[in-house]
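Remarks on the structure that follows.
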Amino acid sequence: MFLLPLRASDKDRRRAVGALKAGYVTGRLRTETFEARLDVALTSRSRAALRTLLADLSARYLAAETILKGRPSADPPPWATLILSRCNRDSLIVGRSRSCEVVFGGEAVSRRHARFNCIGSQWYVTDLASTNGTWLNGRRVRRAPVTPGSQVCLGDSFLDIR
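For the sequence shown, the positions run 55 to 216 when this note's numbering is used.
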């Protein structure tokens, strides 16, 4: 089984356009590049295409210790990078609820979607009976080991594992 790309919403496209504008204003994008990427952002049909479009602009690293120190943003991104090697906890809950250590705003993410826990030196992801399931590298899992380079899909949000 493979994971189909999720359709980009108008909100996703607005976020992408905002990131492109910020990249242009701060000088990270030239005018020609900005215009070309803007066209792609406005016509993209999948979130994966938007992620690829913005990958070099602003890495959205959500190191676990950073999330735990401060409050999550009011409008969490639909994708992030979780750096488990920097985590100072043995367990992290990921979901839509503000009580989770890693918060996503996606409508398809359950309030308490998944748990990452460390046993020895190995991290595992465990689905917490979420509605839309937890996917690891395109395969639905209940519990599975995660390694750097893995991609975890939680409903309509993505976590790249580092």
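Using N, Cα and C, we set each Cβ at its ideal position, and we do this for glycine too.
Item to check | Cβ neighbour criterion (16 or more within 10 Å) applied to R197 | outcome: exposed
Item to check | CA-to-CA distance, I215 to Y115, given in whole angstroms | outcome: Since pLDDT at Y115 reaches only 37, below the 50 mark, its modelled position is unreliable, and the value read off the structure follows with that caveat. Answer to the nearest angstrom: the Cα atoms are 10 angstroms apart.
Item to check | Per-residue DSSP class, three states only, for G174 | outcome: coil
Item to check | Beta-carbon proximity check, D144 vs H167, cutoff 9 angstroms | outcome: no
Checklist entry - Per DSSP, S211 forms a beta bridge with which residues? => result L208
Checklist entry - DSSP on G149, reduced to helix/strand/coil? => result strand
Next on the checklist: On the DSSP letters alone, give me the boundaries of the alpha helix (DSSP H) that A102 sits inside.
Outcome noted: R101 to L108
Checklist entry - Apart from the five residues just before and just after L96, which ones in its own chain have a Cβ nearer than 8 angstroms to its Cβ? => result R67 and V71
Next on the checklist: To the nearest angstrom, how far is the alpha carbon of G209 from that of R105?
Outcome noted: 16 angstroms
Item to check | Span separating the alpha-carbon of V94 from that of I173 | outcome: 43 angstroms
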